[in-house]
Amino acid sequence: MEYTKDEFNSLMNFLRTYPDKQVVLKLMYENPDSSYTVDSFNQNFGTKVSFLDLKSLVIYRVLNCLDEKGQLIANPFLMRDTNLFRLNPEKRELAEVCLRRLKKI
123 MEYTKDEFNS LMNFLRTYPD KQVVLKLMYE NPDSSYTVDS FNQNFGTKVS FLDLKSLVIY
183 RVLNCLDEKG QLIANPFLMR DTNLFRLNPE KRELAEVCLR RLKKI
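To convert, count from 1 in the sequence shown and add 122; that's my numbering.
So this is what it looks like as structure tokens:
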């Protein structure tokens, strides 16, 4: 298990409070090797996702944010909507467990 009980409870509470984030996480979970900017995410999936939607999942550590050079951005204040977002491979199991509990997969 690559996550703690606190991480699970915190993410579950967040996803239950904001159901639209469940859809974002599901799409990222289904495409774990892909990286998206806010615009490319919306174009690929036909959604209306904002920068803050993706950033919120970075804060919960289920997504990673990468700069133009492919380097991980750890400080949320340095993130921009032009950065790339992708599923955090270390938290894939956490995302799967949460999505299954929510009956999204």
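Ideal placement from N, C-alpha and C gives every residue a C-beta, glycine not left out. Keep in mind that this is a model prediction, so the values were computed, not measured.
Closer than 7 Å by C-beta to residue i: which residues in its own chain qualify, once you throw out the five before and the five after it? Chain order, please.
i    : result
T204 : T159
L185 : M150, L176, L179, F207, R208, L209 and N210
Would residue i pass as a contact of residue j if the rule is Cβ separation under 7 Å?
i    : j    : result
S221 : K148 : Just to set this straight, residue 221 is Leu in the shown sequence, not Ser. Yes, the pair counts as a contact, with Cβ atoms nearer than the cut-off.
E212 : E124 : yes
Under the rule that 16 or more other beta-carbon atoms within 10 Å means buried, what is residue i, buried or exposed?
i    : result
F163 : buried
Y110 : An answer regarding residue 110 cannot be provided, because it is not within the stretch 123 to 227 covered by the chain.
L216 : buried
L137 : buried
Whole angstroms is fine: what's the gap from residue i's alpha carbon to residue j's?
i    : j    : result
S132 : V145 : 17 Å
Quick one: residues in its chain with C-beta nearer than 8 Å to the C-beta of residue i, no 5 flanking neighbours on either side, listed in chain order?
i    : result
F130 : L216, V219 and C220
D161 : D203
P154 : R208, L209, P211 and R214
Take residue i and list the residues in its own chain whose beta-carbon comes closer than 6 Å to its own, dropping the five residues that flank it on each side.
i    : result
C187 : V180, I195, M201, N205 and F207
Any heavy atom of the ligand MN closer than 6 Å to the Cβ of residue i?
i    : result
T169 : As presented, the structure is devoid of all ligands, the ligand MN included, so that no description of it is given.
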